[in-house]
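Written below as structure tokens is the structure these notes are about.
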Amino acid sequence: MRLEPPMRNRADRLFGATVGAAAALLMLVLAWVLWDVVRQGLPMWSWAYLLDEPGNAGRSGGIAPILVATLAILGVALAVALPLSLGTAVWLAEFMSGRAMPVRLALHALAGVPSIVFGLFGSAFFSAFLGLGFSILSGGLTLACMMLPLLISTAEAGLSALPDEWRRGGAALGMSRASLVLQVLLPAAAPAVVAGAVLAVGRATAETAALIFTSGYVDRMPGSWLDSGRSLAVHVYDLSMNVAGGDRAAYAAAAVLVVLILIINLSAASVGQRWALRRLTLA
Amino acid sequence: MHNRINRRQLLFAALGTGASTLSSPAWSAERLTLTGSSTVAPLALEIAKRFERLHPGVRVDVQSGGSSRGIADARSGAAQIGMVSRALNPDERDLTASTIAMDGISLIVHRSNPITTLSDDQVKAIYTGQIKNWREVGGSDRTISVVNKAEGRSTLELFLAHYQLKNSDIRAQVVIGDNQQGIKTVAANPGGIGYVSIGTAEFEASHGAPIRLLDMAGVPAAVAEVRKGRFPLSRPLNLVVRGEPSPLAKGFVAFARSTAVHDLVEAQFFVTLAPN
Amino acid sequence: MRVASDLIASRLLGAFAGTAALLLALVLGFLMREAAPVLSAGHVWHFLTDDGWYPLEQRLGLLPMVWASLAVLLGALLLAVPLGLATAVYETFLAAPAVASVLRLGMGLLAGIPSVVYGLWGLTMLVPLIAGWQAPGTSLLAAVLVLALMIVPTVAITGAAALARVPLPWLQGASALGLSRRTLVMGVALPAARGGIVAGIVLAAARALGETMAVLMVAGNVVQTPGSVFDPVRVLTANIALEMAYATGDHRAALFASGLALALLVLALTAMAHLAQWGAGHAP
Numbered sequence: 000m001r002l003e004p005p006m007r008n009r010a011d012r013l014f015g016a017t018v019g020a021a022a023a024l025l026m027l028v029l030a031w032v033l034w035d036v037v038r039q040g041l042p043m044w045s046w047a048y049l050l051d052e053p054g055n056a057g058r059s060g061g062i063a064p065i066l067v068a069t070l071a072i073l074g075v076a077l078a079v080a081l082p083l084s085l086g087t088a089v090w091l092a093e094f095m096s097g098r099a100m101p102v103r104l105a106l107h108a109l110a111g112v113p114s115i116v117f118g119l120f121g122s123a124f125f126s127a128f129l130g131l132g133f134s135i136l137s138g139g140l141t142l143a144c145m146m147l148p149l150l151i152s153t154a155e156a157g158l159s160a161l162p163d164e165w166r167r168g169g170a171a172l173g174m175s176r177a178s179l180v181l182q183v184l185l186p187a188a189a190p191a192v193v194a195g196a197v198l199a200v201g202r203a204t205a206e207t208a209a210l211i212f213t214s215g216y217v218d219r220m221p222g223s224w225l226d227s228g229r230s231l232a233v234h235v236y237d238l239s240m241n242v243a244g245g246d247r248a249a250y251a252a253a254a255v256l257v258v259l260i261l262i263i264n265l266s267a268a269s270v271g272q273r274w275a276l277r278r279l280t281l282a
Numbered sequence: 000m001h002n003r004i005n006r007r008q009l010l011f012a013a014l015g016t017g018a019s020t021l022s023s024p025a026w027s028a029e030r031l032t033l034t035g036s037s038t039v040a041p042l043a044l045e046i047a048k049r050f051e052r053l054h055p056g057v058r059v060d061v062q063s064g065g066s067s068r069g070i071a072d073a074r075s076g077a078a079q080i081g082m083v084s085r086a087l088n089p090d091e092r093d094l095t096a097s098t099i100a101m102d103g104i105s106l107i108v109h110r111s112n113p114i115t116t117l118s119d120d121q122v123k124a125i126y127t128g129q130i131k132n133w134r135e136v137g138g139s140d141r142t143i144s145v146v147n148k149a150e151g152r153s154t155l156e157l158f159l160a161h162y163q164l165k166n167s168d169i170r171a172q173v174v175i176g177d178n179q180q181g182i183k184t185v186a187a188n189p190g191g192i193g194y195v196s197i198g199t200a201e202f203e204a205s206h207g208a209p210i211r212l213l214d215m216a217g218v219p220a221a222v223a224e225v226r227k228g229r230f231p232l233s234r235p236l237n238l239v240v241r242g243e244p245s246p247l248a249k250g251f252v253a254f255a256r257s258t259a260v261h262d263l264v265e266a267q268f269f270v271t272l273a274p275n
Numbered sequence: 000m001r002v003a004s005d006l007i008a009s010r011l012l013g014a015f016a017g018t019a020a021l022l023l024a025l026v027l028g029f030l031m032r033e034a035a036p037v038l039s040a041g042h043v044w045h046f047l048t049d050d051g052w053y054p055l056e057q058r059l060g061l062l063p064m065v066w067a068s069l070a071v072l073l074g075a076l077l078l079a080v081p082l083g084l085a086t087a088v089y090e091t092f093l094a095a096p097a098v099a100s101v102l103r104l105g106m107g108l109l110a111g112i113p114s115v116v117y118g119l120w121g122l123t124m125l126v127p128l129i130a131g132w133q134a135p136g137t138s139l140l141a142a143v144l145v146l147a148l149m150i151v152p153t154v155a156i157t158g159a160a161a162l163a164r165v166p167l168p169w170l171q172g173a174s175a176l177g178l179s180r181r182t183l184v185m186g187v188a189l190p191a192a193r194g195g196i197v198a199g200i201v202l203a204a205a206r207a208l209g210e211t212m213a214v215l216m217v218a219g220n221v222v223q224t225p226g227s228v229f230d231p232v233r234v235l236t237a238n239i240a241l242e243m244a245y246a247t248g249d250h251r252a253a254l255f256a257s258g259l260a261l262a263l264l265v266l267a268l269t270a271m272a273h274l275a276q277w278g279a280g281h282a283p
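Laid out in structure tokens, this is it:
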């Protein structure tokens, strides 16, 4: 969508400059925060850091078990949240369109519930009631619950924004609802879905309170989905808030977390891109 | 020493039960869970790891959640051992506490503040808002920013008891949650005053944090003084159990109190008890 | 819907939607059950009129913290919405494709930095700066600044997605009419994307209201109605985090009730946003 309408006059150039300045300001602050993190955390980095177990309450050694636990928890969360949210979004947009308002309200309300409440819910439901105890599974499921409102909202917004003509056109062509959704609608809504996914994953990886109560504090290499495991964010929290002299290690772990987010976001963007390219254009 | 991920060790732990029954007591296949104070948790974690290494096949899981959770879980059986960063209250006599370390509490101010000590009365006046400027106690002309701990924390209770105050008497400008937050908050504010764990404060001060520990009743705030028992304000770090603990739990508590883990206690900047 | 695959699809989708609904209903139900002891009219009266928050002395005045949460939210939105939208506009209409990708990546990164890190950065960088101006430094202002930084990605990313949805023919038509880029953006694209943008702002507001860790570290946590931006304040979420570990009985229920209040606040915001758009017509 590269339109190049002209920048005619002073007002236009001012507009461009203001908007550009805003974007630049944000990137500068981002750079400031990242610089702070990397500057303090980088000295601890090495290949050994990624492969060793933590020692001395996390102030030395590495973060291998924590990385594995983080990926496992995220994996569970995404495996549960993505299908559920996409399915719900499609159902809302395609089968409930027009009557979706109360559901949208409820979803937004849930997005406002503090994460610590989700943590307590997870602890009461997944850990205690379902008997999962302090485990990766429990943490991942709790995170999935947290991600659902955001994912469903953004995906549904993306889908219901698509022109109705497409759906009528698809029906006129004799396409089944399923293939219409899969091959036309979802790919067209891909930018929205990816946006939601990026935000939700960002929130999930940054989450601390919810995980302390569900996947726990243990920094041992997890042996099964039912083992307790410490996530990177919890590790950063503990090192900076509870362990004396843990600041350096906290920043090192935070830097790894940032790299992880970067990788996930890049993958999400490329998946979204390929998906969007697949679509059959009806317009 | 830092262990690399040893696949065999993993498999071993996952399979659980013991080819190691020859070398360890009958509780090799058991699992121990500790929950409670986030202050004790890092220490307990390291002790647990050393314990596991000495008794292959045993698993000791340490979770946090706060001292109150430690008490509640020890009572309900959700955990075999609770971690509590204070002495037990009179209404908690159904539990048995075993102290594994001591933690002194000292007042800290910003390093740029020339004050080196405050009398009990001065501290009370500052914390109740009667003295609002450092000038009034011999410092520079700067507003005092009082840093207090949030309700329910054991450090707060200790502080209130020592200075005979009620929490509603205190007029604070900042309320903090965890230990390190206190240090960082005072370090960020030249007019700040707060109270934190001595060991942590000593460490941070020696590593460049712009804070100073205040003497209390003539005794310098130092881990050495707490060890000698001369420092007036300190709290015990306890492992609590209900009733008769399992042999594994008993063994762990004994290990945690032994000289074999003194280096771990000191690495967390707590004070070891006199060797028995 | 005559094809077999459609039947299967709709059943499957229904199942997914049902599971999601069940989980979320459970969360809501849990919240309400834990808050139940204090949801009577008498208690709510106490929340609104008690003098001060001293739960151990049965004084449960929530209002100062409600004002604090609202003030922090307002401040953060005032900063984040213009900045976020400007970034979204820049990324969609003005930036070269390479720059736009970098911007998108940057926003995604901002969204993924843990709140602890934002809190630490705020405590070590922002608070001393503010303290130099006016003690104690940990203040409403610090919370607003940090929170704005944290929710800007939500506004920017959802805003950009909404702008990308504006039908190309509309933009092409505007361009063909000879409209300048500024007019195209302000007069065609933004209004057309209004629905998605507002939805994104509501999500950002929800995030802001629910944020705990970063605000807890830089806001000061003193229970008082803010009088100036330099006053230390305690928001509802920080209160829950600080006290949940040891709260029992009515106190604990009151904490859950404040969580419920937050959810209701977001509900109100959503409803208001929806009303404000009434008559927006067919907006993407």
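Residue numbers (numbering that gives the first Met the number 0), protein chains in the order written: chain S, 0 to 282; chain R, 0 to 275; chain E, 0 to 283. Every residue, glycine too, gets a C-beta built ideally from N, C-alpha and C.
Own chain partners of Thr184(R) with C-beta closer than 7 Å, once the 5 adjacent residues on each side are dropped: Mapped onto the second sequence, residue 184(R) falls at position 185. Cβ-Cβ distances below 7 Å link Thr184(R) to Val146, Val173, Ile175, Gly191 and Gly193 in the same chain, with the five nearest sequence neighbours on each side left out; the list follows chain order.
Using DSSP with H/G/I as helix, E/B as strand and the rest coil, what is Trp66(E)? Translated into positions along the third sequence, residue 66(E) becomes position 67. Trp66(E) carries a helical assignment under DSSP once its states are collapsed to helix, strand and coil.
Expected contact under 8 Å - CB spacing of Ile104(R) and Ile197(R) to nearest Å: Translated into positions along the second sequence, residue 104(R) becomes position 105. Translated into positions along the second sequence, residue 197(R) becomes position 198. Between Ile104(R) and Ile197(R) a beta carbon distance of about 7 Å is seen, short of the 8 Å cut, so the two are scored as contacting.
Output the boundary residues of the alpha helix (DSSP H) element that contains Met26(S). Against the first sequence, residue 26(S) aligns to sequence position 27. DSSP places Met26(S) in the uninterrupted alpha helix (DSSP H) bounded by Arg9 to Gly40.
Those runs of the beta strand (DSSP E) which lie wholly inside the stretch 114 to 184 of chain S and span at least 3 residues: As far as the stretch 114 to 184 of chain S is concerned, it has no whole beta strand (DSSP E) run of at least 3 residues.
Could one say the Cβ of Leu193(E) lies closer than 9 Å to chain R's Cβ atoms, at least one of them? As a position in the third sequence, residue 193(E) is number 194, starting the count at 1. Leu is not the amino acid found at residue 193(E); the sequence shown has Arg there. No, Arg193(E) does not count as interfacial toward chain R.
For Ser239(S) and Gln179(R), I'd like the C-alpha separation in whole angstroms. The count along the first sequence starts at 1 and reaches residue 239(S) at position 240. The count along the second sequence starts at 1 and reaches residue 179(R) at position 180. When rounded, the distance between both Cα atoms is 7 Å.
Looking at chain S, is there any beta carbon in it that lies within less than 9 Å of the beta carbon of Tyr89(E)? As a first step, residue 89(E) must be located in the third sequence, where it is residue number 90. Interface with chain S (9 Å Cβ-Cβ cutoff): Tyr89(E) is included.
Indicate the three-state DSSP secondary structure (helix, strand or coil) for Trp44(S) in the structure shown. Position 45 of the first sequence, counting from 1, holds the residue named residue 44(S). In the structure shown, Trp44(S) sits in coil (DSSP, three-state: anything other than H, G, I, E or B).
Got a sec? Which residues, its chain only, sit under 7 Å from Asp230(E) by beta carbon, not counting five neighbours each side? As a position in the third sequence, residue 230(E) is number 231, starting the count at 1. Cβ neighbours of Asp230(E) beyond the five flanking positions: Ser138, Leu139 and Gln223.
Distance CB(Ala275(S))-CB(Pro113(E)) smaller than 9 Å: Counting from one through the first sequence, the residue named residue 275(S) turns up at place 276. Counting from one through the third sequence, the residue named residue 113(E) turns up at place 114. No, they are not a contact pair.
Helix or strand or just coil, what does DSSP make of Met106(E)? One-based indexing of the third sequence puts residue 106(E) at position 107. Helix.
Give me the Cβ distance between Val217(E) and Gly118(E), rounded to the nearest whole Å; I'm assuming they're in contact under 8 Å. By 1-based counting over the third sequence, the position of residue 217(E) is 218. By 1-based counting over the third sequence, the position of residue 118(E) is 119. With 8 Å as the limit, Val217(E) and Gly118(E) qualify as a contact, their Cβ atoms being about 6 Å apart.
Ile192(R) - containing beta strand (DSSP E), residue span: Locating residue 192(R) in the second sequence gives position 193, where the first residue counts as 1. Here the beta strand (DSSP E) through Ile192(R) covers Gly191 to Ser196.
Which residues share a DSSP beta bridge with Leu49(S)? On the first sequence, position 50 is the one that residue 49(S) refers to. Leu49(S) is not bridged by DSSP to any residue.
Could you pull out every unbroken alpha helix (DSSP H) segment of at least 4 residues lying fully inside the stretch 119 to 163 of chain R, listed in chain order? Whole alpha helix (DSSP H) segments, 4+ residues: 119 to 126 and 153 to 162.
Would Tyr216(S) count as contacting chain R if we go by Cβ distances under 9 Å? The residue you call residue 216(S) lines up with position 217 of the first sequence. The beta carbon of Tyr216(S) falls within 9 Å of a beta carbon belonging to chain R, placing the residue at that interface.
Could you tell me the distance, in whole angstroms, from the CA atom of Ala216(R) to the CA atom of Thr153(E)? One-based indexing of the second sequence puts residue 216(R) at position 217. One-based indexing of the third sequence puts residue 153(E) at position 154. Rounded to the nearest angstrom, the gap between the Cα atoms of Ala216(R) and Thr153(E) is 53 Å.
Could you please give me the residues that DSSP links to Val232(E) through a beta bridge? Along the third sequence, one-based indexing puts residue 232(E) at 233. Under the DSSP definition of a beta bridge, Val232(E) partners with Gly219(E).
Hey, does Val116(E) have any beta-carbon neighbour from chain R nearer than 9 Å? Within the third sequence, the letter at position 117 stands for residue 116(E). Chain R, which has no Cβ nearer than 9 Å to the Cβ of Val116(E), makes this no.
Shorter than 8 Å, the distance from the beta carbon of Ala154(S) to the closest heavy atom of the ligand SAM, or not? In terms of ligand content, the structure shown is empty, and the ligand SAM therefore cannot be addressed.
Between the stretch 221 to 238 of chain S and chain R, which residues of the former have CB atoms less than 8 Å from a CB of the latter, in chain order? Within the stretch 221 to 238 of chain S, the qualifying residues are Gly222, Ser223, Ser227 and Asp237.
In whole angstroms, what separates the C-alpha of Leu170(E) from that of Val102(S)? As a working note, residue 170(E) is residue 171 in the third sequence. As a working note, residue 102(S) is residue 103 in the first sequence. C-alpha separation (whole angstroms): 32 Å.
Can you pull the chain E residues whose beta carbon is under 8 Å from the beta carbon of Gly245(S), in chain order? In the first sequence, residue 245(S) corresponds to position 246, counting from 1. Correct list: empty, because the minimum Cβ distance to chain E is about 11 Å.
First and last residue of the uninterrupted beta strand (DSSP E) at Asn166(R): For the purposes of this step, residue 166(R) is identified with residue 167 of the second sequence, where counting begins at 1. Segment: none, Asn166(R) is in no beta strand (DSSP E) and carries neither H nor E.
Starting from Leu276(S), trace the alpha helix (DSSP H) in both directions and tell me its first and last residue. Numbered from its first residue, the first sequence carries residue 276(S) at position 277. Element bounds for Leu276(S): Asp246 to Leu276.
With distances taken Cα to Cα, identify the nearest neighbour of Leu272(R) among Ser97(R), Arg52(R), Asp90(R) and Asp72(R). Indexing the second sequence from 1 puts residue 272(R) at position 273. Taking only the C-alpha atoms, the option nearest Leu272(R) is Ser97(R).
What residues are listed by DSSP as bridge partners for Asn237(R)? In the second sequence, residue 237(R) corresponds to position 238, counting from 1. Beta-bridge annotation (DSSP): Asn237(R) is paired with Val83(R) and Thr98(R).
Does Arg273(S) have its Cβ less than 9 Å from a Cβ in chain R? Here residue 273(S) is taken as the residue at index 274 of the first sequence, counted from 1. False, the Cβ-Cβ gap to chain R never drops below 9 Å.
Just how far apart, CA to CA, sit Val257(S) and Leu231(S)? The residue given as residue 257(S) occupies position 258 in the first sequence. The residue given as residue 231(S) occupies position 232 in the first sequence. Put simply, the backbone Cα of Val257(S) is about 10 Å away from that of Leu231(S).
Can you check DSSP and say which residues form a bridge with Arg58(R)? In the second sequence, the residue the question calls residue 58(R) occupies position 59. The partner list for Arg58(R) (beta bridge, DSSP) reads Arg30(R).
Is Ser111(R) helix, strand or coil by DSSP? Residue mapping note: residue 111(R) aligns to position 112 of the second sequence, counting from 1. Coil.
Which one of Leu13(S), Gly19(S) and Leu49(S) has the shortest CA to CA distance from Ala251(S)? In the first sequence, counting from the first residue as 1, residue 251(S) sits at position 252. Of the listed residues, the one whose Cα sits closest to Ala251(S) is Leu49(S).
Asn8(S): buried (16+ other C-beta within 10 angstroms of its C-beta) or exposed? Here the question's residue 8(S) lines up with position 9 in the first sequence. It is exposed - the Cβ of Asn8(S) has fewer than 16 other Cβ atoms within 10 Å.
Between which two residues does the alpha helix (DSSP H) carrying Arg68(R) extend? For the purposes of this step, residue 68(R) is taken as the residue at position 69 of the second sequence. Secondary structure note for Arg68(R): its alpha helix (DSSP H) is the uninterrupted segment Ser66 to Ser75.
Which listed residue (Thr32(R), Ala43(R), Ala171(R) and Leu31(R)) has its alpha carbon closest to that of Asn284(S): This structure cannot speak to residue 284(S), because chain S is shown only from 0 to 282.
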